[in-house]
Amino acid sequence: MSLFPIFDYSNIDKPDEFIEHYTANIANTPMDMSKPLWEFLVLNIKTSNAESLGIGKLHHSLGDGMSLMSLLLASSRNISDPNAVLTTPTTKKYVDPNDKGWWLVNRFWFLIKVILITVIEMFKSLLTLCLMRDTKTPLMGKSGDEIRSRKIIHRIKSFDDVKLVKNTMEMKVNDVLLGMTQAGLSRYLSRKYGDEVTVVEKKQILEKIRLRGTMAVNLRPNTNIEDLANMMAKGSTCRWGNFLGILIFPLWIRSQDDPLEYVRRAKATMDKKKLSLESLIFYGIIKFTMKIYGEKAVESIAKRIFGHTTLTFSNVLGPNEEISFFDHPMSYVGASALVGPQALIIHFVSYVNKIIINLAVDTTVIPDPHALCDDLVESLDLIKLAILKKGLPQMEV
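By full-length UniProt numbering, the letter at position 290 of the sequence shown is numbered 290, and the numbering carries on one by one without gaps.
Rendered as structure tokens:
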């Protein structure tokens with residue numbers, strides 16, 4: 001349903017702060033299941049990033065991030081050419097020409113690695129499901145799944161900074177964002193423990209922290225946003241709905257002088273995770289459990305996974321071109337999720353040359369979300385600065 005809230009806009013002195021409180025109120029209000037599972041609010045209020053705002057609240061049963069982004073693009077038009085087909089960033093696969101003569105050996109070794117890594121990663125995931133919890137830190141949520149004091153904030157940075165790191169270090173956008181997240185969380189926790197212990201003790205505390213995130217993984221064969229008509233087509237492999245797997249990603253929390261090490265560690269861990277079938281197996285387990293034991297059993301599994309880990313992380317690549325939504329030029333796209341007992345949910349969404357950092361936090365656990373967001377932003381700046389200082393060869397962005 002669409003709503004146009006009525007406010008006395010002349011009395012709003014701090015529009016950005018007002019929007020934060022307004023979206024927090026929406027986030028903390030349970031959705032009425034007797035009505036359509038979506039709301040769309042239009043606020044004619046100017047903020048520091050846009051002339052007005054459209055706020056959507058959608059139940060996750062309607063579709064995952066890829067489906068909803070496809071719906072957004074289907075409802076939008078290219079500003080420069082309304083008849084042009086909108087495009088999204090695509091992932092390029094590197095092929096080593098020297099591997100052609102050894103393809104059979106490489107395929108066999110690849111299969112062995114997939115089996116071994118999948119067994120190891122699934123064993124860790126089952127341990128997490130049964131008993132292994134993250135270290136209690138200032139980021140760890142409380143037990144239970146009741147709605148608490150949720151707050152949603154976002155920050156906009158240049159996507160070119162992310163692509164500079166990506167191309168220079170020859171990795172994926174996701175690797176850079178994970179490295180930036182590891183560095184930002186390390187800075188935040190380092191400051192939290194800084195007043196209580198010495199520098200040496202603080203380093204030892206950070207090294208002993210077990211901090212993991214649940215990561216949403218798109219299981220469709222194509223990583224780019226599909227056309228809505230293709231997603232709706234019968235028998236489509238890139239179908240509409242929720243086609244997400246979950247993997248548990250260990251975050252490297254350290255007091256590290258070289259900011260590029262966070263990115264290298266993120267890539268190394270992600271390369272291993274990409275070989276694992278963990279997310280696909282989890283998806284199969286959830287589907288099987290839902291079919292045999294029902295919704296309550298799936299909820300129990302989800303509570304244990306989210307309750308034993310610290311945060312949720314995901315990113316969605318948005319359109320390459322500036323778009324208009326029902327003839328209104330779009331400045332940026334922000335998105336987040338509100339689910340489970342985790343106190344921190346981090347979503348990244350790209351839009352043309354912008355990367356939007358979205359944090360959904362439980363303010364009873366994290367009372368200073370802006371400070372945490374500042375740490376993420378500053379970490380990206382430090383990573384970029386380290387590349388420029390070292391004079392690493394820069395590839396074309």
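We treat Cβ as the ideally placed atom computed from N, Cα and C, and that holds for glycine. From a predicted model like this one, the values you see are computed outputs, not experimental measurements.
Counting only unbroken stretches of 4 or more residues, the alpha helix (DSSP H) elements lying wholly within the segment 19-96 are 65-74, in sequence order. Closest by C-alpha distance to Lys274, out of Lys172, Val263, Met132, His60, is Lys172. Met132 sits in coil when the DSSP states are folded into three classes, being neither helix nor strand. Only residues of its own chain outside the window of five on either side were considered, and among them Val217, Leu219, Gly245, Ile246, Leu247 have a CB closer than 7 Å to the CB of Ser279, listed in chain order. Contact between Ser379 and Met180 holds: CB atoms are separated by about 5 Å, below the 8 Å threshold.
Between Pro259 and Arg212, the C-beta spacing is not below 7 Å. Val349 is positioned such that its CB atom lies closer than 7 Å to that of Val316.
One Cα belongs to Val42, the other to Pro5, and the distance between them is close to 7 Å. As a beta-bridge residue in DSSP terms, Leu311 pairs with Gly213, Leu344. Take Ile156, set aside five residues on each side of it, and the residues of its chain with a beta-carbon closer than 8 Å to its own are Asn49, Tyr332, Lys354, Ile355, Ile356, Ile357, in chain order. In this structure, the CA atom of Gly391 is about 15 Å from the CA atom of Asp381. Each of Phe18, Ala27, Met33, Trp38 was checked against the Cα of Asn44, and the nearest Cα belongs to Phe18. Shortest Cα-Cα distance from Leu385 to any of Val339, Ile26, His308, Thr168 involves Thr168. The alpha-carbon separation between Lys389 and Leu111 amounts to approximately 40 Å. Around the CB of Ile323, 16 or more other CB atoms lie within 10 Å, so the residue is classed as buried.
The alpha-carbon separation between Arg191 and Pro369 amounts to approximately 14 Å. In this structure the segment 52-71 touches the segment 22-38; the number of beta carbon pairs closer than 8 Å is three or more.
A direct Cα-to-Cα measurement between Arg77 and His328 gives close to 10 Å.
Of all alpha-carbon atoms in Met31, Asn174, Glu201, the one lying nearest the alpha-carbon of Phe313 is that of Asn174.
Secondary-structure assignment with DSSP links Ala360 through a beta bridge to Ile152, Ile345. Taking 7 Å as the cut-off, the Cβ atoms of Thr364 and Arg150 do not count as close.
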